[in-house]
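Visitor: Residues are numbered in this note's numbering as their position in the sequence shown, beginning at 1, plus a constant of 2.
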Amino acid sequence: MRGIRRNVYAVGAVDWDSRLFDRLIPLPDGTTYNSYLVNGSEKTALLDTVDPSKTDVLIDKLLKVGADKIDYVVAHHAEQDHSGSLGDILLLYPEAKVVTNPKCKAMLIDLLGIEEGKFVVVEDGEALSLGDKTLKFIYTPWVHWPETMVTYLEEDKILFSCDFFGAHLASSSLFVDDQATVYESAKRYYAEIMMPFRKQVNANLEKLTALEIEVIAPSHGPIHNQPAFIINAYKDWASDEVKNEVVIPYVSMHGSTAKMVAYFVDTLIERSITVKQFELSTVDIGKLAMALVDAATVVIGSPTVLTGPHPLAAYAAFLANALRPKTRFASVIGSYGWGGKMVEQLAGMLPNLKAEIIEPVLSKGSPRDQEFAAIEMLADRILAKHKEIGIAD
Ligand code: FEO
3 MRGIRRNVYA VGAVDWDSRL FDRLIPLPDG TTYNSYLVNG SEKTALLDTV DPSKTDVLID
63 KLLKVGADKI DYVVAHHAEQ DHSGSLGDIL LLYPEAKVVT NPKCKAMLID LLGIEEGKFV
123 VVEDGEALSL GDKTLKFIYT PWVHWPETMV TYLEEDKILF SCDFFGAHLA SSSLFVDDQA
183 TVYESAKRYY AEIMMPFRKQ VNANLEKLTA LEIEVIAPSH GPIHNQPAFI INAYKDWASD
243 EVKNEVVIPY VSMHGSTAKM VAYFVDTLIE RSITVKQFEL STVDIGKLAM ALVDAATVVI
303 GSPTVLTGPH PLAAYAAFLA NALRPKTRFA SVIGSYGWGG KMVEQLAGML PNLKAEIIEP
363 VLSKGSPRDQ EFAAIEMLAD RILAKHKEIG IAD
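Below, the structure is given as structure tokens:
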């Protein structure tokens, strides 16, 4: 149990050892499930709970801080890594009411079977007095579920932001003490969770400008006591600006596509374009997602398998399409033995990207002079496109 401000305590759990979230997302640095206790002069509120695997940690901390009464449990978000201990907390504190919005209430009933009578439903902008402390609830939909909201503790100027501004980063430091490390984790988190909702991220950033924020306390990762750092990072990631970068997720079976990718990377570097290459059988998809946050162009490299793209290339295309990066241009390079529809199938998997497709380069078998010349032409076209939008010289 550690204090953030007078009578405001961090009571969540550090999950050092977890390495996979949602059975999908790598957690190279673990994560935290942050929960906060706000002791007002009249009422006490718990802001979010923790993942069910860490319920014992939360309860232990509540007992240590002497929380013999909880009047309200604020649920910012129904996803189980924050709501999963709610049932146990309501058993331990039977007088507690769950404070949330109508959408989150419906989800908590569906997901956790919380009783209807346990809820206090709050409107967007509504305030709840705890005596000498006031909680103001602000709806922030789609960061990253439809029901997500945040709480502003007016007297202490703390924004409890749940997943918004979060980072999967286990740390013994309660506050950000190394911005470079937190930037990396927060960008990875943004890429995996928030990027598909970039427009809503921008709308919510705008909505929060009305608040004077001294501290941002998210539900994953360290607390920000320099909130401009993470707010400005979000503004950059969610902006329409793209960088003079090409991301190349690729896979090769017998070396032909790999030769093309290697040549392509060199030609791009010669043209002063930043390249980020990812081999798909060994890729950390979080790293790939991060690269997609800023890049102007994505070029997928794939051999032809059973007349279509290699399944790992299809997976990369599916992932990129789901993450909806602001990519402006896309293409494909790869190889085939006798024919197929690899390019058409990959391009058809990217409808959400709104990217202009630049003519792909395919090689029948191992690439030769004419394929290498075509790769140089592809690099020239990409450079010309990047110049057109003002990101390359
Ligand atoms: Fe950290 Fe969307 O839950």
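Ideal Cβ positions, reconstructed from N, Cα and C, are used throughout, including at glycine.
#1: Kindly examine the ligand FEO and report whether one of its heavy atoms sits closer than 6 Å to the Cβ of E81.
#2: Based on Cα-Cα distance, which residue from P251, T46, L294, E390 lies nearest to G336?
#3: To the nearest angstrom, report how far apart Y236 and F167 are at their CA atoms.
#4: Identify which residue in S241, P311, L26, T33 has its Cα closest to the Cα of G14.
#5: When the Cα atoms are used, what is the spatial distance from K387 to V123?
#6: What first and last residue would you give for the beta strand (DSSP E) that runs through D2?
#7: Take W239 and list the residues in its own chain whose beta-carbon comes closer than 6 Å to its own, dropping the five residues that flank it on each side.
#8: Inspect the beta-carbon positions of Y11 and L39 and report whether they are closer than 7 Å.
#9: Let's see if you can read the secondary structure: which residues bound the beta strand (DSSP E) around P220?
#10: Run the proximity test for D180: is its beta-carbon closer than 6 Å to any non-hydrogen atom belonging to the ligand FEO?
#11: Leaving out five residues on either side along the sequence, give the residues of the same chain with a beta carbon under 7 Å from the beta carbon of E128.
#12: Can you tell me whether DSSP reads A332 as helix, strand or coil?
#13: Does at least one heavy atom of the ligand FEO sit under 6 Å from the Cβ of D165?
#14: For a test of the three-state rule: what should DSSP assign to G5, helix, strand or coil?
#15: Is the separation between the beta-carbon of Y35 and that of D83 shorter than 7 Å?
#16: Counting along the chain, where does the beta strand (DSSP E) carrying S304 start and finish?
#17: Out of D126, L155, S254, point me to the one whose CA is closest to D134's CA.
#18: Would you grab the beta carbon distance between F331 and A357 for me? Rounded to a whole angstrom, and I think it's under 8 Å.
#19: Do you know offhand how far P220's Cα is from D242's?
#20: Please determine if the region 197 to 217 and the region 243 to 263 are in contact, where contact requires at least 3 C-beta pairs separated by less than 8 Å.
#21: Residues in its own chain within less than 6 Å of I384 by CB, not counting five upstream and five downstream?
#22: Going straight from the alpha carbon of D126 to that of V100, what length do you get?
#23: Could you name the residues of the same chain whose beta carbon sits closer than 6 Å to that of E214, not counting the 5 residues immediately before and after it, in chain order?
#24: Rounded to a whole number of angstroms, what is the C-alpha to C-alpha distance between N227 and D50?
#25: For R7, which residues from the same chain have a beta carbon less than 6 Å from its beta carbon, with the 5 sequence-adjacent residues on both sides left out?
#26: The beta strand (DSSP E) with A12 in it runs from where to where?
#27: State buried or exposed for D17, treating a residue as buried only when at least 16 other CB atoms are found within 10 Å of its CB.
#28: Only counting runs of 3 or more residues, tell me where the beta strand (DSSP E) segments fall wholly within the region 341 to 375, in order along the chain.
#29: Count the C-beta pairs between the region 161 to 177 and the region 263 to 271 that are closer than 8 Å, then say yes if the count reaches three, no if not.
#30: My assumption, with CB atoms under 8 Å, is that V152 sits in contact with H78. Please give the rounded CB distance.
#31: Quick check: the Cα distance between G339 and K366, rounded to an integer number of angstroms?
#32: In chain order, what residues of the same chain have a beta carbon less than 6 Å from the beta carbon of I116, not counting five sequence neighbours either side?
#33: Kindly indicate which three-state DSSP category N204 falls into: helix, strand or coil?
#34: I need the DSSP call for H318, collapsed to helix, strand or coil.
#35: Express the C-alpha separation of L92 and A98 in angstroms, rounding to a whole number.
Guide: Quick answer:
#1: In this structure, the C-beta of E81 approaches the ligand FEO to less than 6 Å from one of its heavy atoms.
#2: Nearest option by C-alpha distance: P251.
#3: Just so you know, the alpha carbons of Y236 and F167 end up roughly 8 Å apart.
#4: Of the listed residues, the one whose Cα sits closest to G14 is T33.
#5: C-alpha separation (whole angstroms): 50 Å.
#6: Beyond the ends of the chain as shown, which are 3 and 395, falls residue 2; an answer cannot be given.
#7: Once the five neighbours on either side are set aside, the close Cβ partners of W239 are Y192, V295.
#8: In terms of Cβ geometry, Y11 and L39 form a close pair [threshold 7 Å].
#9: Per DSSP, P220 belongs to the beta strand (DSSP E) from 217 to 220.
#10: Taking non-hydrogen atoms of the ligand FEO into account, the C-beta of D180 is found less than 6 Å away from none of them.
#11: So the qualifying residues of the chain are F139.
#12: In this structure, A332 counts as strand in the three-state DSSP scheme.
#13: Flag set: Cβ of D165 near the ligand FEO.
#14: The three-state secondary structure of G5, taken from DSSP, is strand.
#15: Going by beta carbons, Y35 and D83 fall inside the 7 Å limit.
#16: Residue range 297 to 307 is occupied by the beta strand (DSSP E) that includes S304.
#17: Ranked by how close their Cα comes to the Cα of D134, the residues D126, L155, S254 have L155 in first place.
#18: The C-beta distance from F331 to A357 rounds to 6 Å, short enough to fall under 8 Å.
#19: Computed Cα separation, rounded: 25 Å.
#20: Counting Cβ pairs under 8 Å, fewer than three are found: no touch.
#21: Within the same chain, I384 has close Cβ partners T299.
#22: In a straight line, the C-alpha of D126 is about 16 Å away from that of V100.
#23: So the qualifying residues of the chain are K159.
#24: Within the model, the alpha-carbon separation for N227 versus D50 is close to 20 Å.
#25: Close CB contacts of R7 within its chain, under the 6 Å cut and outside five residues either way in sequence, are with D158 (chain order).
#26: Run containing A12: 10 to 12, per the beta strand (DSSP E) assignment.
#27: D17 sits buried, since 16 or more C-beta atoms from the chains shown fall within 10 Å of its C-beta.
#28: Runs of the beta strand (DSSP E) inside the region 341 to 375: 363 to 366.
#29: No, they do not touch.
#30: 6 Å between Cβ atoms; contact.
#31: Those two C-alpha atoms are separated by around 6 Å.
#32: Here the set comprises L110.
#33: When secondary structure is reduced to three states using DSSP, N204 falls in the helix class.
#34: Looking at the sequence shown, residue 318 is not His but Ala. In the structure shown, the three-state DSSP call for A318 is helix.
#35: Approximately 6 Å, taken between the alpha carbons.
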